[in-house]
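Numbering (the numbering used here), first residue to last: 164 to 339.
Notes to accompany the following structure.
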């Protein structure tokens, strides 16, 4: 019986949570979950990063969490933009998306980390969600996560994870 564990750090807007989940024989189990509320000025992004550092330190030192972790950042720290592009083969889609990202992200592309996900395709148009976060924000989050004794292996935006969860849970869901 094979089992794999995943440490997940959710750096939310109002709390930071660490969870240990394991998967075995097609079943998912939540082994441990600890949440620390964040106390900061919600209108100040720099305060959020400082509060995350404190929360991560508490989770690591007081609750004994450490190791490789998938990190989730809140929607308030990312830019999301839905666009429609012509339905084309995947190789051409990458070129179109790079152009569209330049047009739709209000920062130079070298100042952001961005990605995209197809959310719909009717054969004529492809609907794509573009997600971007400033590189310095990603670097600061990674530095904070690392300083607390974790090793970030991936960073995801909460907004796209919620969409993917719905798609996975309800694969036959039809949007009108």
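Glycine residues also receive a C-beta, built at the ideal position from the N, C-alpha and C atoms.
Nearest neighbour of residue i, chosen from the options [CA to CA]
{"i": "residue 283", "options": "261, 249 and 169", "result": "249"}
{"i": "residue 256", "options": "278, 237, 297 and 298", "result": "278"}
{"i": "residue 232", "options": "205, 309 and 329", "result": "309"}
{"i": "residue 214", "options": "304, 316 and 332", "result": "304"}
{"i": "residue 222", "options": "191, 316 and 174", "result": "174"}
{"i": "residue 199", "options": "180, 207, 335 and 326", "result": "180"}
Pair within 8 Å by beta-carbon distance, residue i and residue j
{"i": "residue 182", "j": "residue 195", "result": "yes"}
{"i": "residue 275", "j": "residue 298", "result": "yes"}
{"i": "residue 272", "j": "residue 265", "result": "yes"}
{"i": "residue 201", "j": "residue 178", "result": "yes"}
{"i": "residue 186", "j": "residue 210", "result": "no"}
{"i": "residue 263", "j": "residue 294", "result": "no"}
{"i": "residue 245", "j": "residue 290", "result": "yes"}
{"i": "residue 227", "j": "residue 322", "result": "no"}
{"i": "residue 142", "j": "residue 320", "result": "The question about residue 142 has no answer here: the residues shown for the chain are numbered 164 through 339."}
Anticipated Cβ contact below 8 Å, residue i with residue j, distance rounded
{"i": "residue 172", "j": "residue 235", "result": "7 Å"}
{"i": "residue 240", "j": "residue 300", "result": "6 Å"}
{"i": "residue 170", "j": "residue 230", "result": "5 Å"}
Those residues which DSSP pairs with residue i across a bridge
{"i": "residue 200", "result": "178"}
{"i": "residue 246", "result": "291"}
{"i": "residue 192", "result": "185"}
{"i": "residue 213", "result": "Paired residues: none, contrary to the question."}
{"i": "residue 234", "result": "172 and 318"}
{"i": "residue 229", "result": "In DSSP, residue 229 forms no bridge with anything."}
{"i": "residue 167", "result": "186"}
Could you name each continuous beta strand (DSSP E) segment of 3 residues or more that falls completely within the stretch 248-332, going from the start of the chain to the end? 275-284, 288-297 and 313-320
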